[in-house]
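> Provided herewith is a single structure, encoded as structure tokens, for subsequent inquiry.
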Amino acid sequence: MDLDVLSTPGHLISLAARGFARLSEARLKPLGFGVGHLPVLVALQDGQASTQRDLARFAKVEQPPMAQMLARMERDGLIRRAPDPADGRSSRITLTAEAEARLPDAVAVLLRGNQEVLLGFTDEEAGLLAALLTRLIANLDRVASADGKALSERQD
């Protein structure tokens, strides 16, 4: 079977992701946010994470890039850090009042962008797409985890 690599789901999803990122970045910039900030902001707002380690796990990024992003977010007045009373080696991270005030506008911008790019999709199609992508991400996580484990075992 001769598949056109440019027609594979992986390539098409990559193109879609880059398109979403460009659109979202352009629309979030005037609000003082970047696309990478959103998982952190949402996790902090919803109380799902409050340490760098938790945020890295939540956003599915490694610790060093998360540390860099948090440093920029702190510099830009989006978050603040305070010593963790339970663990003196780590910090509790919270949103600043300014970030909390601007976050609803950022979420609205992203939701509006999603609606615009899904123009012509029925609600059922949009829901199916989200469900399929959620399954795909779970499969990617599973395969990456298995690959990481296999690599680790070969190195031992």
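Each step along the sequence shown adds one to the number in full-length UniProt numbering, with nothing skipped, and position 6 is 6.
The beta carbon of each residue, even a glycine, is placed where N, CA and C say it ideally should be.
What residues in its chain sit with their C-beta under 8 Å from that of residue 23, if we drop five residues either side in the sequence?
Around residue 23: 113 and 117.
> Does DSSP put residue 88 in a helix, a strand or coil?
Of the three classes helix, strand and coil, the one that applies to residue 88 here is strand, per DSSP.
> Measure the Cβ-Cβ separation of residue 40 and residue 17 and say whether it is below 8 Å.
no
> For residue 63, which residues of its own chain have a beta-carbon under 8 Å away from its beta-carbon, when the five flanking residues on both sides are left out?
So the list reads 52, 53 and 56, once near-sequence residues are dropped.
> Is the region 119–138 touching the region 82–101 in the sense that three or more CB pairs, one from each, lie closer than 8 Å?
no
> Do you know how far the Cα of residue 133 is from the Cα of residue 15?
C-alpha of residue 15 to C-alpha of residue 133: approximately 14 Å in a straight line.
> What is the DSSP secondary structure of residue 158, reduced to helix, strand or coil?
Outside the shown range of the chain, which is 1 to 156, sits residue 158, and nothing can be said about it.
> Specify the secondary structure class of residue 67 as computed by DSSP and reduced to three states.
Looking at residue 67 - three-state DSSP - the assignment turns out to be helix.
> Return the CA-CA distance between residue 109 and residue 27, expressed in angstroms with no decimal places.
7 Å
> Go through its chain and collect everything with a Cβ distance to residue 105's Cβ below 8 Å, but skip five positions before and after it.
31
> Grab me the residues of residue 49's own chain with a C-beta within less than 7 Å of its C-beta, minus the 5 sequence neighbours each way, in chain order.
43, 55 and 58
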